[in-house]
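Participant: Before we start, here is the structure in question, set down as structure tokens.
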Amino acid sequence: MLTLDNISTSYGNISALKGISLQVKEGQIVTLIGANGAGKTTTLKTISGLLCPDEGDITFRGKSIKGVAPHKIAAMGIGHVPEGRRVFPRLTLMENLELGAFTRKDKSEIKKDLERVMGLFPQLKGREKQAAGTLSGGEQQMLAMGRALMGRPKLLLLDEPSMGLAPLIVKNIFSIIEEINSQGTTVLLVEQNANVALSTADMGYVMETGKIVMSDTADKLLVDEGVKKAYLGD
639 MLTLDNISTS YGNISALKGI SLQVKEGQIV TLIGANGAGK TTTLKTISGL
689 LCPDEGDITF RGKSIKGVAP HKIAAMGIGH VPEGRRVFPR LTLMENLELG
739 AFTRKDKSEI KKDLERVMGL FPQLKGREKQ AAGTLSGGEQ QMLAMGRALM
789 GRPKLLLLDE PSMGLAPLIV KNIFSIIEEI NSQGTTVLLV EQNANVALST
839 ADMGYVMETG KIVMSDTADK LLVDEGVKKA YLGD
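All you need for the working numbering is the position in the sequence shown, starting with 1, plus 638.
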């Protein structure tokens, strides 16, 4: 579904990604783990067009998306839930969700997707007119995920969905991620909580200083001694 081939991305003179290659197969949950500054967020921004790679190519469903504008990439079926949620705080919950469907014209199907989002995130139900900035951190994370789902993405990019959330809420968020995946959406997940990420994912990639240093099935990475020592607190 998604292939990154020898991608290098920089911020001015600073090289952030140094020739990374990875694959996300349809139907999978794939996770990128690594320390702060490893290049995980840069990878997602490069996929969604917010950054343009200096070298390499990105293909999504057989077509190159390198250099394509972000709104066009979103319309092609890639949804991005950014680090820190980035909801529009002064807009209502409903307005935020409606903005997620900005590339669509199928009103009856949009209504169905609103119902689906409320089914996935029942905590948001009945609060449609509430300003998004007044929601709790966990509720804002749910809203950001719901907003991305309103675009009907084939591939959902999730950047640090557990950041700043209590353990019980993290557990809830990740069970919803599994539910979204079971409903047919492929997921590429960036997550500092390597334990919960690898416990959820099918496949994992380990990033260090802009390079991918290891990749394997998630269950094998969970028991790898190097990964356990560096990322799992063992």
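Quick reminder that beta carbons are idealized off the backbone N, C-alpha and C, glycines included.
Please classify residue 724 as buried or exposed, where buried requires at least 16 neighbouring CB atoms within 10 angstroms.
Facilitator: Exposed: under 16 other Cβ atoms inside 10 Å.
Participant: Considering residue 824, what are the terminal residues of the beta strand (DSSP E) in which it resides?
Facilitator: Segment 824-828, the beta strand (DSSP E) holding residue 824.
Participant: Taking the alpha-carbon positions, what's the residue 752 to residue 651 distance?
Facilitator: When rounded, the distance between both Cα atoms is 43 Å.
Participant: State yes or no: is the C-beta of residue 853 within less than 8 Å of the C-beta of residue 869?
Facilitator: For residue 853 and residue 869, no; Cβs fall outside 8 Å.
Participant: Could you say if the region 678-690 and the region 707-719 meet the contact criterion of at least three C-beta pairs nearer than 8 Å?
Facilitator: Result yes; three or more Cβ-Cβ pairs closer than 8 Å.
Participant: If you compare alpha carbons, which of 680, 669, 639, 733 is closest to residue 702?
Facilitator: Minimum Cα distance to residue 702 is reached at 639.
Participant: Starting from residue 669, trace the beta strand (DSSP E) both ways and give me its first and last residue.
Facilitator: Run containing residue 669: 667-671, per the beta strand (DSSP E) assignment.
Participant: Just to confirm my understanding: we take residue 826, look at its own chain, exclude 5 residues before and 5 after, and list those with CB closer than 6 Å. What are they?
Facilitator: Closer than 6 Å at Cβ, skipping near neighbours: 662, 668, 795.
Participant: Quick one: grab the DSSP three-state call for residue 730.
Facilitator: Residue 730: strand per DSSP, three-state reduction.
Participant: To the nearest angstrom, report how far apart residue 770 and residue 744 are at their CA atoms.
Facilitator: Whole-angstrom Cα-Cα distance: 25 Å.
Participant: What does a CB cutoff of less than 7 Å around residue 765 pick up in its chain, not counting 5 residues either side in sequence?
Facilitator: Around residue 765: 731.
Participant: Can you list the alpha helix (DSSP H) stretches of 4 or more residues lying completely in the region 679-705, in chain order?
Facilitator: With a minimum length of 4 residues, no continuous alpha helix (DSSP H) run stays inside the region 679-705.
Participant: Please say whether residue 695 and residue 683 have beta carbons closer to each other than 8 Å?
Facilitator: No, these two residues do not count as a Cβ contact at 8 Å.
Participant: Could you have a look at residue 846 and say whether DSSP puts it in helix, strand or coil?
Facilitator: Looking at residue 846 - three-state DSSP - the assignment turns out to be strand.
Participant: If the criterion is Cβ atoms closer than 8 Å, does the pair residue 847 and residue 664 meet it?
Facilitator: Not closer than 8 Å, so no.
Participant: List the whole-angstrom C-beta distance separating residue 798 from residue 830, where the pair is believed to meet the contact cut-off of C-beta under 8 Å.
Facilitator: Right, their Cβ atoms sit about 6 Å apart.
Participant: Check for me: the beta strand (DSSP E) holding residue 800 runs from which residue to which?
Facilitator: Run containing residue 800: none; DSSP gives neither H nor E here.
Participant: Less than 8 Å between the C-beta atoms of residue 670 and residue 828, yes or no?
Facilitator: Taking 8 Å as the Cβ cut-off, residue 670 and residue 828 qualify as a contacting pair.
Participant: Could you spell out the range, first to last residue, of the alpha helix (DSSP H) harbouring residue 837?
Facilitator: Per DSSP, residue 837 belongs to the alpha helix (DSSP H) from 832-838.
Participant: Can you give the Cα-Cα distance for residue 697 and residue 645, rounded to whole angstroms?
Facilitator: Those two C-alpha atoms are separated by around 11 Å.
Participant: Could you tell me how far apart the beta carbons of residue 734 and residue 785 are, in whole angstroms, since I believe they sit closer than 8 Å?
Facilitator: Indeed they touch by this definition, with Cβ atoms about 5 Å apart.
Participant: Assign residue 741 to one of three DSSP states: helix, strand, or coil.
Facilitator: Coil at residue 741, not helix or strand.
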